[in-house]
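Heads up: the sequence lines are chains A and B, in that order. Residue numbers for the first sequence follow the working numbering, so the first one is 1 and each next one is one higher. Residue numbers for the second sequence follow the working numbering, so the first one is 354 and each next one is one higher. No residue lacks a Cβ here, since even glycine has one placed at the ideal position from N, Cα and C. For clarity, every value in this text was computed on a predicted model and none was experimentally measured. Data first, discussion second: the structure below is written as structure tokens.
There are 2 protein chains.
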Amino acid sequence: MSSGSRTARHPTILDVARVAGVSKSTVSNVIRSFEGVTDETRQAVDRAIEQLGYRPNAIARDLAQQRTQLFGTVIGDLNNPFHAEMAKLVERESAARGYATMFSNTLGGGAAEATGIEMMLEHRVAGIVFLAFSARDRPLRSSLKGRVPVVFVGCSEPWADSVVAADRRGARLATEHLIALGHRQIAFLANALVEEHGHRSRLAGYRDALDRAGLRPGPSLTWGEEGPITTVGGKPVRLPELLRGHSRVTAVFSSNDFGAVELLDFADRSGIGVPDELSVVGFDGAAVTGLSRIAITTVAQPKEQLVRLGTEALVARIEGRSTGRPRRRVIDVELVVRRSAAAPAGPQRQRRR
Amino acid sequence: MSSGSRTARHPTILDVARVAGVSKSTVSNVIRSFEGVTDETRQAVDRAIEQLGYRPNAIARDLAQQRTQLFGTVIGDLNNPFHAEMAKLVERESAARGYATMFSNTLGGGAAEATGIEMMLEHRVAGIVFLAFSARDRPLRSSLKGRVPVVFVGCSEPWADSVVAADRRGARLATEHLIALGHRQIAFLANALVEEHGHRSRLAGYRDALDRAGLRPGPSLTWGEEGPITTVGGKPVRLPELLRGHSRVTAVFSSNDFGAVELLDFADRSGIGVPDELSVVGFDGAAVTGLSRIAITTVAQPKEQLVRLGTEALVARIEGRSTGRPRRRVIDVELVVRRSAAAPAGPQRQRRR
DNA sequence: GTGAAAGCGCTAACAG
DNA sequence: CTGTTAGCGCTTTCAC
Chain A
1 MSSGSRTARH PTILDVARVA GVSKSTVSNV IRSFEGVTDE TRQAVDRAIE QLGYRPNAIA
61 RDLAQQRTQL FGTVIGDLNN PFHAEMAKLV ERESAARGYA TMFSNTLGGG AAEATGIEMM
121 LEHRVAGIVF LAFSARDRPL RSSLKGRVPV VFVGCSEPWA DSVVAADRRG ARLATEHLIA
181 LGHRQIAFLA NALVEEHGHR SRLAGYRDAL DRAGLRPGPS LTWGEEGPIT TVGGKPVRLP
241 ELLRGHSRVT AVFSSNDFGA VELLDFADRS GIGVPDELSV VGFDGAAVTG LSRIAITTVA
301 QPKEQLVRLG TEALVARIEG RSTGRPRRRV IDVELVVRRS AAAPAGPQRQ RRR
Chain B
354 MSSGSRTARH PTILDVARVA GVSKSTVSNV IRSFEGVTDE TRQAVDRAIE QLGYRPNAIA
414 RDLAQQRTQL FGTVIGDLNN PFHAEMAKLV ERESAARGYA TMFSNTLGGG AAEATGIEMM
474 LEHRVAGIVF LAFSARDRPL RSSLKGRVPV VFVGCSEPWA DSVVAADRRG ARLATEHLIA
534 LGHRQIAFLA NALVEEHGHR SRLAGYRDAL DRAGLRPGPS LTWGEEGPIT TVGGKPVRLP
594 ELLRGHSRVT AVFSSNDFGA VELLDFADRS GIGVPDELSV VGFDGAAVTG LSRIAITTVA
654 QPKEQLVRLG TEALVARIEG RSTGRPRRRV IDVELVVRRS AAAPAGPQRQ RRR
């Protein structure tokens, strides 16, 4: 039945034509379910296809048609559960629309992002879904613009379509929640893998809330070798130290759930009680935050909706149904209150204002 | 500078040739960095490429060369952190070897798996990495065999190369750990998304351990609507009930970490203390199990090594460096002891044997 | 309704 | 060292 060689040559449309006793283009017509082929002929062709185990060559088709049924998906970090969840949705949505998808995990920009996009462009993907984007690389942006339809999902760039969550409002909600709980010194934890735009918006929302409450922004934390760290007067200060003293930090708003989970873990390992000594609020709505043991209060992004609208917009561009200036859609978010944030304890215990 | 239309036609090798004032094949020669092109000519071509923003068309190249630089990666479920971690590694490894990768998230077989593989085959992927596989679909297997190099990573099939963790031994270690802790009634929790082979091996390892200790296998749990469930004498029995009575279950070995995490969460929500009332051990070594609040004892698979060896084997097949019968590599695993498993409490408190 | 023929953009001999 | 040419497998007019 099978020959010895590992990978036999694939039968072509010509082989099928020969077996079916028809011409090449008739086979093509059958494959493309083109109207106007005798039932008889069609059946003969189908039989030949079956018999040969023929499988259309997408490469040849794409070359002839001058277009592919391929999406590129740019992901920040699959280790981040939220990103993985989004990637899964993109794959599902693409498949449902008949598109295959190529992934590139960029780890927040840099060389991986550039080569990944380059690769997608060379494969002439019909469109690219950006689940993360680091605009740092100028040439990248220009090689994208006008070359291929693009949509930013959960992040955004002014020069292309995007579907984003209400980052700023969400961050404000999160921070207001903390303020309502009685916190006065609220730090902001940023994660390198959150792309520029989201980061800025979330930072802005955080500041909005503080402003309205007449509070000053707390320290800005990033991840250092040994946990969250900030800089005060040129000197590095680690989180545990920030938790002491009279103007001490009592809460942290993390710009994403991955960071919030890590922060929680850091606190646990450092003997810092959450939420007793430190309240934590995240952003994204990653499934892991819903675990009873984690129970992180977070701002949930409507993942399905973001991805659905994003791919819809992309396909509309690809098919020419959508033209003109970039469209931006903002989807509302929701604060999911869990147990990682509570009223601050400490010296001013229960004292209001 | 730019025309009005959304996606301008891509310049071709011919455009470059025209601008550089050379022939088509000379351009091809410099692109393929073919030896024997004058520096002068090369520079002229490079300049033309730069000027036009030329980007080689991978589709045309692939068609002409009769091969692609594309991998297909079949994933079980990106929502499962272990799968996401593995997928990320495959992408990284592929990119490092110059391969782009197409993903298909199959959710454990069925239609999604079949169409995903079909799609990869039509795109003439150079090889497929299976991170999960459901052998249920007979025709699938036959359309794969001999058609394209394939490697199973973390799972396996007798008809193709595979790199797997020592599933059976790992499961035995996990179960022995539980036995050593004093457990006598240990249930096995299976997850639908673990493919046949891994499931069977892990079940076998679990039984090995019980056998050696002269114990009988405990109930076999699966996920029902309302948590883990088993069948006793044709009647469904939920986990909480199993935890009562004289021959009650005191520990569960979950065949994967995703299930273990869910089980832990189920226990937390049901007021079942872990590890006080119930010990839990998982399998995979997903990062999430390492969180201080989760702290699930698990059998860690060497992810990097699995993926590295897997892609190596695949590339060797693709390049013809490896031929003949399927090779199977088994990589050793390691029990990572954390806090989800402890000595059983209860009536026979501290009583030995 | 079916077949012949001209590409799609590139590679890979093979002449010059 | 460079140019000419014949495909790769399929689509897509356009005659028959």
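- Straight through space, the alpha carbons of residue 344/A and residue 277/A are spaced by roughly 7 Å.
- Counting only Cβ-Cβ distances below 7 Å, residue 408/B has contacts in chain A at 121 and 122, in chain order.
- In this chain, the alpha helix (DSSP H) harbouring residue 269/A covers 257 to 269.
- At least one beta carbon of chain B lies nearer than 9 Å to the beta carbon of residue 116/A.
- Residue contact with chain B for residue 103/A: present (Cβ-Cβ distance below 9 Å to some residue of chain B).
- Annotation: residue 510/B to residue 599/B spans about 41 Å, alpha carbon to alpha carbon.
- In this structure, residue 244/A sits away from residue 224/A, with a CB-CB distance that is not shorter than 9 Å.
- At a cut-off of 9 Å between C-beta atoms, residue 337/A does not count as an interface residue with respect to chain B.
- Residue environment: residue 524/B is assigned as buried (16 or more neighbouring CB atoms within 10 Å of its CB, all protein chains considered).
- Each of 648/B, 625/B, 456/B and 620/B was checked against the Cα of residue 636/B, and the nearest Cα belongs to 648/B.
- In this structure the segment 661 to 673 of chain B does not lie against the segment 685 to 694 of chain B, because fewer than three pairs of beta carbons, one per stretch, are closer than 8 Å.
- Residue pairing of residue 101/A in beta bridges, as defined by DSSP: 71/A.
- With a cut-off of 8 Å on Cβ pairs, the segment 442 to 450 of chain B is not in contact with the segment 393 to 410 of chain B, counting fewer than three such pairs.
- Secondary structure at residue 369/B: helix, using DSSP grouped into helix, strand and coil.
- Close to chain A, meaning a Cβ-Cβ distance shorter than 8 Å, are the following residues of the segment 433 to 447 of chain B: 434, 437, 438, 440, 441, 444 and 445.
- Contact between residue 641/B and residue 280/A is ruled out by a C-beta separation of about 17 Å, above the 8 Å threshold.
- Of the candidates 20/A, 201/A, 125/A and 78/A, the residue whose Cα lies closest to the Cα of residue 108/A is 78/A.
- For residue 62/A, the neighbours in chain B by C-beta distance under 7 Å run, in chain order, 412.
- Take residue 24/A, set aside five residues on each side of it, and the residues of its chain with a beta-carbon closer than 8 Å to its own are 13, 14 and 17, in chain order.
- Taking a cut-off of 8 Å for Cβ pairs, the segment 396 to 406 of chain B and the segment 35 to 51 of chain A do not touch, as fewer than three such pairs fall below it.
- Membership of residue 541/B in the beta strand (DSSP E) is indicated by the continuous run 539 to 542.
- Put simply, the CB of residue 128/A is far from chain B, with every gap to its CB atoms at 9 Å or more.
- Below the 7 Å Cβ cutoff, chain A contributes 293 as neighbours of residue 647/B, in chain order.
- Residue 689/B sits in a strand when the DSSP states are folded into three classes.
- Contact with chain A is absent for residue 372/B, since none of that chain's Cβ atoms lies less than 9 Å from the residue's Cβ.
- When DSSP states are grouped into helix, strand and coil, residue 318/A belongs to the helix group.
- The segment 160 to 177 of chain A and the segment 251 to 259 of chain A touch, with three or more beta-carbon pairs separated by less than 8 Å.
- The beta carbons of residue 190/A and residue 220/A sit closer together than 9 Å.
- Closest in alpha carbon position to residue 534/B, among 650/B, 374/B and 677/B, is 650/B.
- Burial check for residue 62/A: the Cβ neighbour count within 10 Å reaches 16 or more, so the residue is buried.
- Three or more beta-carbon pairs separated by less than 8 Å are not found between the segment 616 to 626 of chain B and the segment 455 to 470 of chain B, which leaves the two stretches without contact.
- Annotation for residue 441/B: the continuous alpha helix (DSSP H) segment containing it runs 434 to 449.
- Counting only runs that start and end inside the segment 195 to 241 of chain A, the beta strand (DSSP E) elements of at least 3 residues fall at 220 to 224, 227 to 232 and 235 to 238.
- Chain-ordered, the chain A residues with CB closer than 8 Å to the CB of residue 618/B read 291, 292 and 293.
- At a cut-off of 9 Å between beta carbons, residue 453/B contacts chain A.
- Within the DSSP bridge table, the entry for residue 329/A names 163/A as partners.
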